[in-house]
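These notes are about the structure you will find just below.
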Amino acid sequence: MDEIINSPLLWALCSVTVAVVAFQAVAYFRLTKRQAARVDVSEAQCRQAMRIGMMTAVGPALGILIVMVGLMAVLGNPLTWMRLSIIVSATNELAAAKIGAEAAGVTFGGADYTKEALMVSWFGMWLNGVGSLLAVVLFAKHLAGIQRKVVSRNPRILAIVSGAAMCAIYGNLSSGTLLGGGDFVAAWAAAGIATFGFYQIAQRVEKLKEYSLGLAMIVGTLAGAAWHGLA
């Protein structure tokens, strides 16, 4: 199996996709820099936004890294690297691969996980991503038009809807996770308390504002890991 999942050909094919993603990231960065000057966003504000984004990404990246190691052992290094470069959600990819294995009638990563089952897992991961891609291609333009109409009538509605959507998304993700109990609850509670605590401190320490969310995520991740270790 290893000669397939870590083959030079697969490395080459996956590298092409990752290279495209890297090119898109650079192109997007350069585009935002140009647009920033047009809307009177200063260079200092751009740097601050980058720092906030980088710090906020630390917490989720740690969780992805842990799942990524497990995926590499079963699906191979190149495919895991490529999929998480474009999909990012390690839990979604793991679930899709497991569903594919179950559809083939085997256990994901088990002794009966054959090359045929591997192909079904790959196909399941492809289906997992193509739905989002089609949704963007088919509906993104129309959503932009709806957004413009809403803002033209009442700009506050967009802020309310955006805030409500974020609360709904994170609430939905948290509620499902909390049912697992134990380390999940510890991570959720610690991150929530840390978020409130860092927010209060940031009101007095201005520079902490841009790092508060990322630090809260790290606290939650460490608390969950510590609880799991003690249990």
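So for the sequence shown, this note's numbering puts the first residue at 849; every next one is plus one. Even for Gly, the Cβ is constructed at its ideal location relative to N, Cα and C. Treat the numbers as computed from the prediction; the structure is a model and nothing was measured.
With fewer than 16 other CB atoms across the displayed protein chains lying within 10 angstroms of its CB, ARG1004 is exposed. Rounded to the nearest angstrom, the gap between the Cα atoms of GLY1029 and VAL887 is 47 Å.
Approximately 17 Å separates the beta-carbon atoms of THR1043 and LEU910; this is outside 8 Å, ruling out the contact. Just so you know, the alpha carbons of TYR961 and MET916 end up roughly 19 Å apart. When secondary structure is reduced to three states using DSSP, PHE987 falls in the helix class.
The C-beta of TYR1059 has 16 or more other C-beta atoms within 10 Å across all chains shown, which makes the residue buried. CA-to-CA, the gap between MET902 and ALA1064 works out to about 14 Å.
The C-beta of GLU851 has fewer than 16 other C-beta atoms within 10 Å across all chains shown, which makes the residue exposed.
When SER890, ASN940 and MET898 are compared, the shortest CA-CA separation from ILE912 is found for ASN940.
For MET849, the secondary structure class from DSSP, reduced to helix, strand or coil, is coil.
Per DSSP, ALA944 is one residue of the alpha helix (DSSP H) stretching across 938–951.
Residue burial annotation: ILE853 is buried, with at least 16 other C-beta atoms found within 10 angstroms of its C-beta. ASN976 counts as buried, since at least 16 other C-beta atoms from the protein chains shown sit within 10 angstroms of its C-beta.
When secondary structure is reduced to three states using DSSP, ASN976 falls in the helix class. Every unbroken stretch of the alpha helix (DSSP H) spanning 4 or more residues and falling wholly within the region 1017–1072 is given here in chain order: 1031–1050.
The C-beta distance from ALA944 to LEU919 rounds to 11 Å, too long to meet the 8 Å contact threshold. VAL922 and LYS946 have their C-alpha atoms roughly 11 Å apart. Distance from the CA of ALA1038 to the CA of ALA951, rounded to the nearest whole angstrom, comes to 37 Å.
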